[in-house]
Amino acid sequence: MTYLQRIRKIIQRAIEEGPSEFLYLELIAALEAYEPFINVQDRLEKIWIREVEREGLLKRNKGVTAFDLASIRPQLRDELERRIMFSVSLIKQNKQKATETTLQRFNGWLSSLPAVPEVREAQLSDIRETAKDIAKPLKQLPYDERRVAIDQSQKLISNLNQIVAFDCGAIGAYWHSHWKEANYDYREDHKKLDQNFFLIRDSQAMRDGFVKKGGHEYLEDLPEQPGEAIFCRCYYEYVYRLNRVPEECLTEKGKDAI
Ligand SMILES: [Zn+2]
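Residue numbers (the numbering used here): 1347 to 1604.
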């Protein structure tokens, strides 16, 4: 039985038997049986397998070796665990909120039922509509779950890349926006950042005197990172080799080293 069918049954009994505490508890039980539609943990684990176990991260981090990746595996695993924890708790919170609102609506409806069975019976024909109306907050849940899954997947990928970059000596990164992609609702200020290069403060290459600011900003100083805003699919392409660094950021020593 779906949760909506269970709610319909409870409403029907309320009309037939009159309001009672028991029916309220029945509804709580019905709502607790509601299961999320998306297995977000499974989704995030699949990303981890693709990016870490099958070394997909190496494609976006040219210059990092499989050995480097293996050496930071525990940090990457921690990030996966964090994303799973956040996703599960966000989805749980959404469900709690929707459950509370649904119970409130049910209570409101229950309290307004006429006292006499013959008068209540007139409402039997509207059970379907009443159930739908009471359960409205639950209808939003699959959408919320999907949003959490997309958002946390994006953040997982972005943070895995960030860990690799900072642990494996990235010099800087190019911001990439998907603004050219059809039907992608891009942010205007992210479009402006597309292909811009940002330095990582105090990278090994900077400490060795190969790179300088050259009018560019530090990645850490940006008020917002790619993929941080909801549904933002921007990402960094991290740079590990001097030949991918814009010329104005190279010192003489850096140019000689290429
Ligand atoms: Zn963006």
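Ideal Cβ positions, reconstructed from N, Cα and C, are used throughout, including at glycine.
The structure presented is a predicted model; accordingly, all values stated were derived computationally and were not measured.
Per-residue DSSP class, three states only, for residue i
i, result
"residue 1367", "helix"
"residue 1585", "strand"
"residue 1519", "strand"
"residue 1489", "helix"
"residue 1596", "strand"
"residue 1556", "coil"
"residue 1459", "coil"
"residue 1383", "coil"
"residue 1349", "helix"
"residue 1512", "helix"
"residue 1577", "coil"
"residue 1390", "helix"
"residue 1565", "helix"
6 Å Cβ shell around residue i - same chain, five flanking residues per side excluded
i, result
"residue 1437", "1382, 1491 and 1494"
"residue 1398", "1422"
"residue 1380", "1349"
"residue 1589", "1604"
"residue 1571", "none"
"residue 1476", "1357"
Cβ pair residue i, residue j closer than 9 Å
i, j, result
"residue 1517", "residue 1480", "no"
"residue 1520", "residue 1543", "yes"
"residue 1374", "residue 1497", "no"
"residue 1533", "residue 1482", "no"
"residue 1434", "residue 1386", "yes"
"residue 1600", "residue 1549", "no"
"residue 1594", "residue 1560", "yes"
"residue 1448", "residue 1404", "no"
"residue 1540", "residue 1522", "yes"
"residue 1527", "residue 1362", "no"
Cβ-based neighbour list, residue i, same chain, cut-off 8 Å, excluding 5 preceding and 5 following
i, result
"residue 1456", "1360, 1365, 1369 and 1370"
"residue 1530", "1524 and 1579"
"residue 1425", "1502, 1505, 1506 and 1509"
"residue 1462", "none"
"residue 1573", "1500, 1501, 1503, 1504, 1579, 1580 and 1581"
"residue 1568", "1544"
Cβ separation of residue i and residue j, assumed to be a contact under 8 Å, to the nearest whole Å
i, j, result
"residue 1581", "residue 1471", "About 55 Å; that fails the 8 Å criterion."
"residue 1415", "residue 1401", "6 Å"
"residue 1551", "residue 1407", "Actually they do not touch by this definition, with Cβ atoms about 15 Å apart."
"residue 1430", "residue 1513", "Rounded, the Cβ-Cβ distance is 21 Å, inconsistent with contact."
"residue 1553", "residue 1409", "With a Cβ gap of about 17 Å, residue 1553 and residue 1409 do not count as contacting."
Own chain residues within Cβ distance below 7 Å of residue i, not counting five before or after
i, result
"residue 1384", "1491, 1492 and 1495"
"residue 1486", "1444"
"residue 1393", "1499, 1502 and 1503"
"residue 1376", "1349, 1352, 1353 and 1356"
"residue 1555", "1597 and 1599"
"residue 1488", "1383"
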